[in-house]
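In the numbering used here, the protein residues as written are 220 to 394.
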C-alpha cells in the first residue's frame, strides 16, 4: 500500500512533554469512536522488543536479518538494520494494512499535520509551533498565550479527537 493512501496525523513535542500518554489516550478515543487506527512510535535510541533468551531473540543473535513471530492472536516482524539506514516514515507506513488513520508519535521533522504536546516538566518549554507550519494545534498542561493555532488542555481528549477527525476529514457515511 502506498503511504499516500493513509491519513497520517502526528504528535510531536520535547522529551517528557506527554506525547506517549496523549497518543495512547487518542488511540483509545478514536478506536472507541469506531476508527481503525495504526501507530508509529519513533525511538531515538537502541531499543529491543524481544527478550534475551527467547527463541526469536536467539534467531536474531544467530544472524537472521528478519524474524517473524506468529501466533493465532498477533504477529510481529523484526528487521535488523545492520549497515542499512533507518527506514523513512513513508517506507514504514507503506507496510501497514489499510486503516482509517495512522497516528505518528515523534518524527517532528516530517511534513504531516501534528499536535504539539507541551508540559511544564518537559525537557524544553521552547515552542515548536513557531517554526513548524504543520503543527495545527497545541495540547498543553499550562496556559498558553500568543498562539495563532488552537490550544487544548492536554487532557481534552474528546476535543483533540474531534479536531483530528475534522483535520483528517474522517466522517462516517450517514447511509
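Glycine included, every Cβ here is placed at the ideal spot set by N, Cα and C.
Separation of residue j from residue i, as counted between CA atoms
| i | j | result |
| --- | --- | --- |
| residue 228 | residue 289 | 29 angstroms |
| residue 235 | residue 333 | 17 angstroms |
| residue 360 | residue 243 | 17 angstroms |
| residue 291 | residue 319 | 24 angstroms |
| residue 322 | residue 258 | 5 angstroms |
| residue 251 | residue 339 | 29 angstroms |
| residue 366 | residue 347 | 11 angstroms |
| residue 356 | residue 284 | 40 angstroms |
| residue 352 | residue 245 | 22 angstroms |
| residue 390 | residue 279 | 43 angstroms |
| residue 388 | residue 382 | 10 angstroms |
| residue 281 | residue 302 | 17 angstroms |
| residue 263 | residue 305 | 11 angstroms |
| residue 374 | residue 241 | 8 angstroms |
| residue 385 | residue 267 | 36 angstroms |
| residue 220 | residue 313 | Bear in mind that the predicted position of residue 220 carries a pLDDT of just 49, short of 50, making it too unreliable to give a figure here. |
| residue 344 | residue 274 | 44 angstroms |
Cβ neighbours of residue i in the same chain (closer than 8 angstroms, five flanking residues each side left out)
| i | result |
| --- | --- |
| residue 224 | 317 |
| residue 299 | 279, 283, 284, 285 |
| residue 342 | 233, 234, 235, 236 |
| residue 239 | 260, 324 |
For residue i: DSSP bridge partner residues
| i | result |
| --- | --- |
| residue 320 | 256 |
| residue 224 | Paired residue(s): none; residue 224 is not in a bridge. |
| residue 372 | 359 |
| residue 229 | 323, 333 |
| residue 295 | 288 |
| residue 383 | Note: residue 383 sits in no beta bridge, so no partner. |
| residue 354 | 333 |
Residue i beta carbon near the ligand ATP (any heavy atom closer than 7 angstroms)
| i | result |
| --- | --- |
| residue 278 | Because no ligand of any kind appears in the structure shown, any question about the ligand ATP cannot be addressed here. |
Contact set for residue i: own chain, Cβ-Cβ below 7 angstroms, skip 5 residues either direction
| i | result |
| --- | --- |
| residue 276 | 269, 270 |
| residue 261 | 324, 325, 326 |
| residue 248 | 376, 377, 380 |
Contacts around residue i, its chain only, beta-carbon distance under 6 angstroms, and the 5 residues preceding and following it disregarded
| i | result |
| --- | --- |
| residue 335 | 231, 232, 347, 348, 354, 357 |
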